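J.: Could you have a look at this structure, given as structure tokens, before my questions?
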Amino acid sequence: MNKNRILSIDVSRGLTIFLMVFVNDLMPVTGIPSWLKHASADANTMTFVDVVFPAFLFIVGISIPLAMGVRLARGESSLQIGKHVFIRTAGLIFLGLFMVNSWEWPEGSALISKRWWDILLYLSAILVWNKYPKADGARKKLYTGLQALGIVVLLVLALLYPKGEGEVLIGMKISYWGILGLIGWAYLLSVLAFLLFKNSIGALVGMLALFV
Numbered sequence: 114m115n116k117n118r119i120l121s122i123d124v125s126r127g128l129t130i131f132l133m134v135f136v137n138d139l140m141p142v143t144g145i146p147s148w149l150k151h152a153s154a155d156a157n158t159m160t161f162v163d164v165v166f167p168a169f170l171f172i173v174g175i176s177i178p179l180a181m182g183v184r185l186a187r188g189e190s191s192l193q194i195g196k197h198v199f200i201r202t203a204g205l206i207f208l209g210l211f212m213v214n215s216w217e218w219p220e221g222s223a224l225i226s227k228r229w230w231d232i233l234l235y236l237s238a239i240l241v242w243n244k245y246p247k248a249d250g251a252r253k254k255l256y257t258g259l260q261a262l263g264i265v266v267l268l269v270l271a272l273l274y275p276k277g278e279g280e281v282l283i284g285m286k287i288s289y290w291g292i293l294g295l296i297g298w299a300y301l302l303s304v305l306a307f308l309l310f311k312n313s314i315g316a317l318v319g320m321l322a323l324f325v
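Letter by letter, the sequence shown follows residues 114 to 325 of the working numbering.
Now the structure itself:
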């Protein structure tokens, strides 16, 4: 294990992701206790399921100073860090839009079934956002080609999104960016706040109060 890792954060992150997968799998299940599902929006209560997403954001927030600190220690410029942050944020929002459109898949004819649309979506996401090892020559070209293939397939899937009622080629609609988009915006704002006010505890507390 990497000695620079903080075990408590890794364990908390792993447990939170496990719970995220677990509670999402329970969403369509019927006949289970109410505390295993989200409380209704108009209920004056909450279940442990309602805490999972905030817990994930909490872990993201804890990790930001550590991750940005490592980049600053390596001598990365603000421009380099900003590029990394904006690319990651854009990826989360972009993928969130696809996921929301998948959930809102309309009834009607389509050139591709929802099942295959989803499979190709996630395979393409892996190709695009996979962390490929550093390489040169033919292997580097292979990795670049795989990423390009993933981007092309995502664009094609966006065009193949159906409208229903016999109309098939209208493309995806841009609306809510979903949970992934919320994570992306929270990540972007938190990183910017840290980079701007990392030397001022008072300013960081003020930003926390503003966000809350």
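C-beta atoms are modelled at their ideal positions from N, C-alpha and C, and glycine is treated no differently.
For clarity, every value in this text was computed on a predicted model and none was experimentally measured.
1. Are Ala-333 and Asp-163 close, meaning C-beta to C-beta below 8 angstroms?
2. Would a C-beta distance cut-off of 8 angstroms place Pro-242 and Gly-204 closer than the cut-off?
3. Determine the extent of the alpha helix (DSSP H) in which Arg-126 is found, giving its start and end residues.
4. Over what stretch of residues does the alpha helix (DSSP H) that includes Phe-166 continue unbroken?
5. Rounded to whole angstroms, how far is the Cβ of Leu-267 from the Cβ of Ser-237, which I believe are closer than 8 angstroms?
6. Can you tell me the Cβ-Cβ gap for Gly-209 and Gly-294, rounded? I've got them flagged as a contact below 8 angstroms.
7. Quick one, are the C-beta atoms of Ile-172 and Ser-125 less than 8 angstroms apart?
8. Let me know the secondary structure DSSP gives Asp-249 once reduced to three states.
9. Between Leu-132 and Ile-122, what straight-line distance do the alpha-carbon atoms span, to the nearest angstrom?
10. Round the Cβ separation of Ser-191 and Leu-308 to the nearest angstrom and send it over; I've been treating them as touching at under 8 angstroms.
11. According to DSSP, is Gly-209 helix, strand or coil?
12. Who are the Cβ neighbours of Ala-316 in its own chain at under 7 angstroms, not counting the five residues just before and after it?
13. Apply the 10 Å Cβ neighbour rule to Glu-280 and answer buried if 16 or more other Cβ atoms are within range, or exposed otherwise.
14. Kindly indicate the opening and closing residues of the alpha helix (DSSP H) around Ala-299.
15. For Gly-144, which of helix, strand or coil comes out of DSSP?
T.: This is what the structure gives:
1. Within the shown structure, residues of the chain are numbered from 114 to 325, placing residue 333 beyond reach of any answer.
2. Pro is not the amino acid found at residue 242; the sequence shown has Trp there. Cβ atoms of Trp-242 and Gly-204: closer than 8 angstroms.
3. Per DSSP, the unbroken alpha helix (DSSP H) holding Arg-126 starts and ends at 120-139.
4. First-last of the alpha helix (DSSP H) with Phe-166: 162-186.
5. About 5 angstroms separates the two Cβ atoms, so the contact holds.
6. The C-beta distance from Gly-209 to Gly-294 rounds to 4 angstroms, short enough to meet the 8 angstroms contact threshold.
7. Yes, they are a contact pair.
8. Of the three classes helix, strand and coil, the one that applies to Asp-249 here is coil, per DSSP.
9. Each residue's CA atom was taken as its position, placing Leu-132 and Ile-122 some 15 angstroms apart.
10. 7 angstroms between Cβ atoms; contact.
11. In the three-state reduction of the DSSP assignment, Gly-209 falls in the helix class.
12. Hits under 7 angstroms: Phe-310.
13. For Glu-280, the pLDDT reaches just 49, beneath the cut-off of 50, and the residue's location in the model is therefore unreliable, leaving the point undetermined.
14. Note, Ala-299: alpha helix (DSSP H), 291-310.
15. Residue state, collapsed to three classes: coil.
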